[in-house]
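Using my numbering, read the sequence shown as starting at 18 and increasing by one per residue.
Presented below is the structure to which this report refers.
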Amino acid sequence: MFVLKQANRKTKPYLMTVIFDSTGIKASFSEEDKAMRFVSRGAAVQVSHALFTAYGQFYLVELDK
Numbered sequence: 018m019f020v021l022k023q024a025n026r027k028t029k030p031y032l033m034t035v036i037f038d039s040t041g042i043k044a045s046f047s048e049e050d051k052a053m054r055f056v057s058r059g060a061a062v063q064v065s066h067a068l069f070t071a072y073g074q075f076y077l078v079e080l081d082k
């Protein structure tokens, strides 16, 4: 499983929710235990690319099972 960590945030750096709507993209952040988990590395990469312009660089962090 993978989580996304925002490169520039010091507090609550992990992506928790993302909402894509007609007015744009809204994201919220949390600690690692509440972070959105991706089963597929490809899905995590696609979400990080979609968020790059508005929120900056994200890193994929692989979680141990």
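The beta carbon of each residue, even a glycine, is placed where N, CA and C say it ideally should be.
Compute the beta-carbon to beta-carbon distance between V78 and K22, rounded to the nearest angstrom, for a pair I have assumed lies under 8 angstroms. On the sequence shown, position 61 is the one that residue 78 refers to. On the sequence shown, position 5 is the one that residue 22 refers to. Rounded, the Cβ-Cβ distance is 5 angstroms, consistent with contact.
Indicate whether M53 and L32 have their beta-carbon atoms separated by less than 8 angstroms. What you label residue 53 is simply residue 36 of the sequence shown in a count that begins at 1. What you label residue 32 is simply residue 15 of the sequence shown in a count that begins at 1. Yes, Cβ-Cβ distance for M53 and L32 is below 8 angstroms.
Strictly by DSSP, which residues pair up with D38? Numbered from 1 along the sequence shown, position 21 holds the residue referred to as residue 38. D38 is bridged to G41.
Backbone CA spacing between V20 and R26 [nearest angstrom]: In the sequence shown, the residue the question calls residue 20 occupies position 3. In the sequence shown, the residue the question calls residue 26 occupies position 9. Distance between the alpha carbons of V20 and R26: 15 angstroms.
Please determine, among Q63, A71, V56 and S65, the residue with the shortest C-alpha to C-alpha distance to L80. The count along the sequence shown starts at 1 and reaches residue 80 at position 63. Measuring from the Cα of L80, the nearest candidate turns out to be V56.
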